[in-house]
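K.L.:
Residue numbers (the UniProt record's numbering): 1 to 694.
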């Protein structure tokens, strides 16, 4: 008896689905992504013929296509089960063409989680290919190809080979460059705060802070202004003139969308956006779970929606009532419609496929990183259906000659959702019992000078948040976009911060001058909206392509003809040992290197060595230099390699550990910089600020 053929994208997903459907009646195969695409070697779009794309079978997939055709010919039915989004719909459309399936045939099945019930339900409800979804993907693909393949050669000719420009990546780089300009232009401003430390009759301390003057917010911008205020309040009493105590509620977070998952992956787990999405894909496609086999653990991971199905909410409710108690279950949460998200709201939020499958129950079946991310998704989902946390907040105000000082404190009354989802440690700040009118003794008046800080550089998390707010790209594009601008060396990481390189600044300046529309945030965001209208069947995709591309046609021609070639060589003080000319820094296929200025007459080259000013702690002779692994991760090694094989992921410092004498390394976080002993058994560490104060 002929089997039914089901085609998905990935081999991992194929294994999971075949286990659910059974091999006796179904064959499940993987297309391994797209099987047809635009050619790599040329533009592949006939601009003169209404932007007709010239698709070809992807090189290297000939045997796979033959196998799919052969299996489809023998099958009683073919179902195309690619991802439930534009890209997945386009892959199914290309498969339909390759396999000769009639365009009116209901061959497309769709599911948002890889579970037995979801797959069986999808099989019972096949539909035709949604050509509007396909056209939205085609429009994006064609526009990005037209801009990328025609603007990038301008950079190759005028700057250097290997550079690229793109509708999303170039705007993203511009955001990072613009932030750096803000930081460079920032001028710190002085401001002061004033605290008064007081004591109750029971010697309990309350610290008041100056809040306002004559009921208006006050700003103190100099030491002279501060002295006038301290002179006025010197010797005055502090009394509890007003006491306000009220309950505050904090609502649980909504379940994850793709962008928020990426942000929390960075902030809570220290993952890159690329790593977060890679692991999320593994959890979605299926992991071998002891006693269950290959199992899909989370719902579809590319979504703009916070929506949960009624079935998912019922599962969460049952878990909360059984394991946490009725006090923790939040009543029916209102579903809030997200403006501008009509298309993607067909999806659900990212959630576990089973509330009962707790992180701890499957921990032994997951890798360390899979467990961390699944734990985050599961807890967020359960928390979203729980009750608010409740705090009691107390405020005490004291008036001194028109100046209002305020002390605040709070304590948690009911932990609510934070019982499950609480990644930020919180300490109660409880004010002592006090009655209105009580007079407090003044222990110390504490003026303090501060300076405003420049805007923070983007991290991957804050960049993703900004891209979403501005409507640049879509959740599925954030991680690859960030990876691209890092790989192109337009941007580099300094700790968790994203910093533009000189190359990134230069390319951004060139693109802004010559292709201002490409660098316009509004253009990019507006195009995303137009793609949504195509998806909803409200616009012709070729008309959108024509309107989007035409403004660039003349600009590309002008740049190729009129833009002067830019010499990026940077002259150094180092001298060539062969001809005595200065060495210059050049860019090559594998990054920067040193070469003789007298090239091609003199072909002397040498690598650039990034010394950090620390001698090797192992051999004592070599210098510690910054290197990069094959995957681009920074590490530190000895300049005498291979004679000395010292390597260290963390940056070594000159100081030795005072406890055991081992070398120490530097660890930088958002809050502080620490020097930590490299000997794990010792465990000694000290903050750099504390060390400087000793």
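C-beta atoms are modelled at their ideal positions from N, C-alpha and C, and glycine is treated no differently. Being a predicted model, the structure only gives us computed values, none of them experimental.
Please state whether DSSP places residue 94 in a helix, a strand or coil.
P.N.:
For this step, residue 94 is matched to residue 94 along the chain shown. Note: residue 94 maps to helix in three-state DSSP.
K.L.:
Under 7 Å Cβ to Cβ from residue 524, same chain only, skipping five residues before and after it: list those, please.
P.N.:
Mapped onto the chain shown, residue 524 falls at position 524. Residues 167, 168, 171, 472 of the same chain have their beta carbon placed closer than 7 Å to that of residue 524, with the five preceding and five following residues left out of the count.
K.L.:
My guess is that residue 503 and residue 587 are in contact by the Cβ rule of under 8 Å, so how many angstroms apart are they, rounded?
P.N.:
Position 503 of the chain shown holds residue 503. Position 587 of the chain shown holds residue 587. Contact holds; Cβ gap of about 7 Å.
K.L.:
What residues in its chain sit with their C-beta under 6 Å from that of residue 713, if we drop five residues either side in the sequence?
P.N.:
Lying before the first or after the last residue shown, residue 713 is absent from the chain, which here runs from 1 to 694.
K.L.:
Does residue 517 pass the burial test, meaning 16 or more other C-beta atoms within 10 Å, or should it be called exposed?
P.N.:
By 1-based counting over the chain shown, the position of residue 517 is 517. Classification of residue 517: exposed, given that the 10 Å Cβ count is below 16.
K.L.:
So what's residue 440 in DSSP terms, helix, strand or just coil?
P.N.:
Within the chain shown, residue 440 is the residue found at index 440, counting from 1. Looking at residue 440 - three-state DSSP - the assignment turns out to be strand.
K.L.:
Indicate the three-state DSSP secondary structure (helix, strand or coil) for residue 445 in the structure shown.
P.N.:
In the chain shown, counting from the first residue as 1, residue 445 sits at position 445. In the structure shown, residue 445 sits in a strand (DSSP, three-state: E or B).
K.L.:
Helix, strand or coil for residue 192? Go by DSSP, reduced to three states.
P.N.:
By one-based count along the chain shown, residue 192 stands at place 192. If DSSP states are grouped into helix, strand and coil, residue 192 belongs with the strands.
K.L.:
Return the residue from the list 496, 441, 432 that minimises the CA-CA distance to residue 463.
P.N.:
Residue mapping note: residue 463 aligns to position 463 of the chain shown, counting from 1. The shortest Cα separation from residue 463 among 496, 441, 432 belongs to 496.
K.L.:
Taking only three categories from DSSP, how would you classify residue 302?
P.N.:
One-based indexing of the chain shown puts residue 302 at position 302. Reduced to three states, the DSSP call for residue 302 is coil.
K.L.:
Does the distance from the CB of residue 17 to the CB of residue 28 come in under 7 Å?
P.N.:
Start at 1 with the first residue of the chain shown, and residue 17 comes out as number 17. Start at 1 with the first residue of the chain shown, and residue 28 comes out as number 28. When the beta-carbon positions are compared, residue 17 and residue 28 come within less than 7 Å of each other.
K.L.:
Assuming the contact rule is C-beta atoms closer than 8 Å, residue 544 and residue 139 should be a hit. Round their C-beta distance to whole Å, please.
P.N.:
Counted from its first residue, the chain shown places residue 544 at position 544. Counted from its first residue, the chain shown places residue 139 at position 139. Contact holds; Cβ gap of about 5 Å.
K.L.:
Should residue 726 be labelled buried (16 or more other beta-carbon atoms within 10 Å of its own) or exposed?
P.N.:
Within the shown structure, residues of the chain are numbered from 1 to 694, placing residue 726 beyond reach of any answer.
K.L.:
With 16 as the cutoff for other CB atoms within 10 Å, does residue 232 come out buried or exposed?
P.N.:
Against the chain shown, residue 232 aligns to sequence position 232. Exposed is the call here.
K.L.:
Our contact map puts residue 193 next to residue 450 with C-beta atoms below 8 Å; I'd like the distance itself, whole angstroms only.
P.N.:
Counting from 1 along the chain shown, the entry for residue 193 is found at position 193. Counting from 1 along the chain shown, the entry for residue 450 is found at position 450. Sure, about 7 Å apart at Cβ, within 8 Å.
K.L.:
By how many angstroms is the C-alpha of residue 391 removed from the C-alpha of residue 327?
P.N.:
Residue mapping note: residue 327 aligns to position 327 of the chain shown, counting from 1. Residue mapping note: residue 391 aligns to position 391 of the chain shown, counting from 1. Going from the Cα of residue 327 to the Cα of residue 391 covers about 16 Å.
K.L.:
When you compare only the Cα positions, how much space is there between residue 509 and residue 554?
P.N.:
Within the chain shown, numbered from 1, the residue matching residue 509 stands at position 509. Within the chain shown, numbered from 1, the residue matching residue 554 stands at position 554. About 19 Å.
K.L.:
Given a threshold of 16 other Cβ atoms within 10 Å of its Cβ, counted over all protein chains shown, does residue 579 qualify as buried or as exposed?
P.N.:
Along the chain shown, one-based indexing puts residue 579 at 579. The residue in question, residue 579, is exposed, as its Cβ has fewer than 16 Cβ neighbours within 10 Å.
K.L.:
Only counting the same chain, and skipping five residues up and downstream in sequence, which positions put a Cβ closer than 6 Å to that of residue 419?
P.N.:
On the chain shown, residue 419 is found 419 positions in, with the first residue counted as 1. Around residue 419, the same chain offers no residue with a beta carbon nearer than 6 Å, after the five sequence neighbours per side are excluded.
K.L.:
If we ignore side chains and look at the alpha-carbon of each, how far apart do residue 610 and residue 626 end up?
P.N.:
Taking the first residue of the chain shown as 1, we reach residue 610 at position 610. Taking the first residue of the chain shown as 1, we reach residue 626 at position 626. Going from the Cα of residue 610 to the Cα of residue 626 covers about 5 Å.
K.L.:
Once you ignore the five residues that flank residue 13 on each side, which residues in its own chain have a CB closer than 6 Å to its CB?
P.N.:
By one-based count along the chain shown, residue 13 stands at place 13. Once the five neighbours on either side are set aside, the close Cβ partners of residue 13 are 285.
K.L.:
Can you tell me the Cα-Cα spacing of residue 73 and residue 421, whole angstroms?
P.N.:
As a position in the chain shown, residue 73 is number 73, starting the count at 1. As a position in the chain shown, residue 421 is number 421, starting the count at 1. So the alpha carbons of these two residues sit roughly 51 Å apart.
K.L.:
Should residue 259 go down as buried or exposed, given a rule of 16 or more other Cβ atoms within 10 Å for buried?
P.N.:
Against the chain shown, residue 259 aligns to sequence position 259. That one is buried.
K.L.:
What does a CB cutoff of less than 8 Å around residue 537 pick up in its chain, not counting 5 residues either side in sequence?
P.N.:
Residue numbering aside, residue 537 sits at position 537 when the chain shown is read from its first letter. If we look at residue 537 and ignore the five residues flanking it on each side, its Cβ neighbours are 132.
K.L.:
What do you reckon, are the CB atoms on residue 431 and residue 394 nearer than 7 Å?
P.N.:
Locating residue 431 in the chain shown gives position 431, where the first residue counts as 1. Locating residue 394 in the chain shown gives position 394, where the first residue counts as 1. Yes, these two residues count as a Cβ contact at 7 Å.
K.L.:
Would you give the residue range spanned by the beta strand (DSSP E) that residue 206 belongs to?
P.N.:
For this step, residue 206 is matched to residue 206 along the chain shown. Counted as a single uninterrupted DSSP element, the beta strand (DSSP E) harbouring residue 206 occupies residues 205–213.
K.L.:
Out of 81, 91, 84, 146, which has the shortest C-alpha to C-alpha gap to residue 48?
P.N.:
Along the chain shown, read from residue 1 onward, the residue named residue 48 stands at position 48. Of the candidates 81, 91, 84, 146, the one whose C-alpha sits nearest the C-alpha of residue 48 is 146.
K.L.:
Does the beta-carbon of residue 244 have 16 or more other beta-carbons within 10 angstroms, so that it is buried, or is it exposed?
P.N.:
Taking the chain shown and counting its residues from 1, one reaches residue 244 at position 244. By the 10 Å Cβ count, residue 244 comes out exposed.
K.L.:
Any idea what DSSP makes of residue 353, helix, strand or coil?
P.N.:
On the chain shown, position 353 is the one that residue 353 refers to. Coil.
K.L.:
Return the residue from the list 99, 255, 153 that minimises the CA-CA distance to residue 42.
P.N.:
In the chain shown, residue 42 corresponds to position 42, counting from 1. When each option's Cα is compared against that of residue 42, the closest is 153.
K.L.:
How is the alpha helix (DSSP H) around residue 15 delimited, first residue to last?
P.N.:
Numbered from its first residue, the chain shown carries residue 15 at position 15. Where residue 15 is concerned, the enclosing alpha helix (DSSP H) stretches over 11–21.
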